[in-house]
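Visitor:
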């Protein structure tokens, strides 16, 4: 089976670009979701580069499932937790007690999501180098 880790990493970076574009367009809920996707794909890329598959969408769990030889800091895990909170409620109206998802996210949230996703991508990329 060919190693597709670079494909996953490249898509991760593209998803981060989408997050930035969505933020610029005022679609902060989509910026948060795209940032989550960027981080998820980066961690899956790292798994693949290490010769293992990864399943699921919880970035924190994906990071915790990396081999012990990969030192994942508690701070990176905390940033993943923040991103994981954007996976479902940014897209579904029943993710909040009332209101459409876009009413619950603004620049503050999308700034944080983009920043954290970028840091997770950089962490994964550095581990693959």
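In the numbering used here, the protein residues as written are 510 to 638.
Using N, Cα and C, we set each Cβ at its ideal position, and we do this for glycine too.
Got a sec, what are the start and stop residues for the alpha helix (DSSP H) residue 585 sits in?
Guide: Residue mapping note: residue 585 aligns to position 76 of the chain shown, counting from 1. Looking at the DSSP string, the run of the alpha helix (DSSP H) that includes residue 585 is 583-593.
Visitor: With H, G and I counted as helix, E and B as strand and the rest as coil, what does DSSP make of residue 603?
Guide: In the chain shown, residue 603 corresponds to position 94, counting from 1. Helix.
Visitor: Measure from the alpha carbon of residue 590 to the alpha carbon of each residue in 511, 541, 554 and 578, then state which is nearest.
Guide: What you label residue 590 is simply residue 81 of the chain shown in a count that begins at 1. Looking at the Cα atoms, 541 is the closest of the given residues.
Visitor: What's the C-alpha gap between residue 635 and residue 583?
Guide: The sequence position of residue 635 within the chain shown is 126, counting from 1. The sequence position of residue 583 within the chain shown is 74, counting from 1. Each residue's Cα considered, the two are about 17 angstroms apart.
Visitor: Counting along the chain, where does the alpha helix (DSSP H) carrying residue 555 start and finish?
Guide: As a working mapping, residue 555 is identified with position 46 in the chain shown. Counting along the chain, the alpha helix (DSSP H) containing residue 555 begins and ends at 537-558.
Visitor: Buried or exposed for residue 528, going by 16 or more other Cβ atoms inside 10 Å?
Guide: Sequence index remark: in the chain shown, residue 528 carries index 19 (1-based). Residue 528 is buried by the Cβ-count criterion.
Visitor: Beta-carbon separation of residue 521 and residue 630 under 7 angstroms?
Guide: Residue mapping note: residue 521 aligns to position 12 of the chain shown, counting from 1. Residue mapping note: residue 630 aligns to position 121 of the chain shown, counting from 1. For residue 521 and residue 630, yes; Cβs fall inside 7 angstroms.
Visitor: Taking the alpha carbon of residue 565 as the point to measure from, which residue in 558, 574 and 524 has its own alpha carbon closest?
Guide: By one-based count along the chain shown, residue 565 stands at place 56. Nearest C-alpha to residue 565: 574.
Visitor: Distance check for residue 531 and residue 537, CA to CA, integer angstroms please.
Guide: Working through the chain shown from its first residue, we reach residue 537 at position 28. Working through the chain shown from its first residue, we reach residue 531 at position 22. Rounded to the nearest angstrom, the two C-alpha atoms are 6 angstroms apart.
Visitor: Would you decide whether residue 545 is buried or exposed? Buried here means 16 or more other CB atoms lie within 10 Å of its CB.
Guide: The residue given as residue 545 occupies position 36 in the chain shown. So residue 545 ends up on the buried side.
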